[in-house]
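Novice: My questions will all concern the structure given below.
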Amino acid sequence: MKSSLFLSALVFALSASSQATTYDTTWAGPVRIAERFNGTAGGFDRVEATLVMPELSIPANPRQQSDEYTASFWIGFSGFLSSATALSGLWQAGVVMSIWENGTTEYTGFYEWVPEDPIQVNATDLAISAGDHLEVILTTTNNGLVGSVVMTNLNTSQQFSYSQDAPVSWRGPTWPALGTSAEWIMEAGTYLNGPQYIFPDWSNATIIGAKACYSADSACFPPVSADNTSLNAMTAVYWNDTQTLYTKSYVENDVVTIEYVEEVVDLS
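Using mature numbering (1 follows the signal peptide of the UniProt record, and there is no 0), the letters of the sequence shown map in sequence onto residues -20 to -1, 1 to 248.
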């Protein structure tokens, strides 16, 4: 689920590193640019983190009223920064979280290689509940042409793993995950063939052990660079029609906190 970005400003993360915040209607969370990417190769080929499943509640002032409030909570490669010289697909995995008006909640694992549709993981293969710690490890090989995902519920020890080749469009190109960037995101995605998600209130969602790596020398990096701020970006969800900011994110070393907020602010 790639982001469509439209507005930037300058903010400060908890790590005290300045970084550009990009506001749009879909993504919330940090992005790290792959410094070694050369236009066709050399990007990140491993991204990992443990997603702590937040408790969900009905939002006080949602963008619009709904019977169901949903967010996707994930990590991935190549969704933020495109290559000017090569096509790149977004390889991602995580959890789709929903709450209904009656208070029922659901947490479902998924993986997705954009431009293909997301694939949900059956609860018999990976059961997830509020409070669970879900370790997610995504890797690629062959310059992004083969991807693997391992998701482990650290509370139950249940594990799901899957590998696939990069998608190929019908009569069209292949979409490798070149690792141009790594992302740790809460997203207002879209239902299949349907409307965009309306966020639930998750209060604070925590990501721990977040890092992006190059397998060539086993070098790994946290979401924010303290030395080179040009490698940092922060995304936040803002809707012009309601003039409301819905997320704030903070990074301290390898720990990310994505906060649900409902702050009326004019960013025009």
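Note that beta-carbon positions come from the ideal geometry of N, C-alpha and C, so glycine has one too.
Could you name the residues of the same chain whose beta carbon sits closer than 6 Å to that of residue 237, not counting the 5 residues immediately before and after it, in chain order?
Specialist: Same-chain partners within the cutoff: 184, 186 and 230.
Novice: Taking all protein chains shown into account, decide if residue 199 is buried (16 or more other Cβ within 10 angstroms of its Cβ) or exposed.
Specialist: Flag for residue 199 reads exposed.
Novice: Helix, strand or coil for residue 154 per DSSP?
Specialist: Note: residue 154 maps to strand in three-state DSSP.
Novice: Rounded to whole angstroms, how far is the Cβ of residue 71 from the Cβ of residue 127, which I believe are closer than 8 Å?
Specialist: Indeed, because the Cβ distance is near 5 Å, the residues count as touching under 8 Å.
Novice: Please determine, among 167, 107 and 55, the residue with the shortest C-alpha to C-alpha distance to residue 140.
Specialist: Minimum Cα distance to residue 140 is reached at 107.
Novice: Going along the chain, which residues of its own chain have a beta-carbon closer than 7 Å to the beta-carbon of residue 111, five neighbours each way excluded?
Specialist: Around residue 111: 33.
Novice: Would you tell me roughly how many angstroms separate the C-alpha atoms of residue 82 and residue 177, rounded to the nearest one?
Specialist: Cα to Cα, residue 82 sits roughly 18 Å from residue 177.
Novice: Which first and last residues belong to the beta strand (DSSP E) in which residue 53 is found?
Specialist: Unbroken beta strand (DSSP E) run through residue 53: 48 to 57.
Novice: Just verifying my parser: in three-state terms, what is the DSSP assignment at residue -14?
Specialist: Low confidence applies to residue -14: its pLDDT is 35, below 50, so where it sits in the model is not reliable, and the reading given next is rough at best. Three-state result, residue -14: strand.
Novice: For residue 53, collect the residues of the same chain with a Cβ closer than 7 Å to its Cβ; drop the 5 residues on either side in sequence, then sort them by chain order.
Specialist: Result list for residue 53: 31, 74, 75, 77, 166 and 185, in chain order.
Novice: Identify whether residue 2 lies in helix, strand or coil by the three-state DSSP scheme.
Specialist: DSSP places residue 2 in strand when its eight states are reduced to three.
Novice: Of the choices 156, 116 and 150, whose alpha-carbon is the least far from that of residue 137?
Specialist: That would be 116, whose Cα lies nearest to the Cα of residue 137.
Novice: Among 202, 67 and 105, which one has its Cα closest to the Cα of residue 155?
Specialist: It is 67.
Novice: Taking only the alpha-carbon atoms, compute the straight-line gap between residue 194 and residue 158 and give it to the nearest angstrom.
Specialist: Rounded to whole angstroms, residue 194 to residue 158 spans 12 Å at the Cα level.
Novice: On the criterion of 16 or more Cβ atoms from any shown chain inside 10 Å, does residue 91 qualify as buried, or is it exposed?
Specialist: Under this definition residue 91 is a buried residue.
Novice: Put residue 20 into one of helix, strand or coil per three-state DSSP.
Specialist: Reduced to three states, the DSSP call for residue 20 is coil.
Novice: How close, in whole Å, do the beta carbons of residue 190 and residue 203 come, if the pair is a contact with beta carbons under 8 Å?
Specialist: About 5 Å; that satisfies the 8 Å criterion.
Novice: Please state whether DSSP places residue 209 in a helix, a strand or coil.
Specialist: In the structure shown, residue 209 sits in a helix (DSSP, three-state: H, G or I).
Novice: Just tell me which of 59, 102 and 120 has its CA closest to the CA of residue 162.
Specialist: If we check each option's Cα against that of residue 162, 59 comes out closest.
Novice: Could you please give me the residues that DSSP links to residue 179 through a beta bridge?
Specialist: None, per the DSSP bridge assignment.
Novice: Identify the continuous beta strand (DSSP E) that holds residue 169 and give its terminal residues.
Specialist: That residue, residue 169, is in no beta strand (DSSP E); it is neither H nor E in DSSP.
Novice: My parser needs the beta strand (DSSP E) runs of 3 or more residues fully inside the region 97 to 121; what are they?
Specialist: The qualifying runs are 113 to 121.
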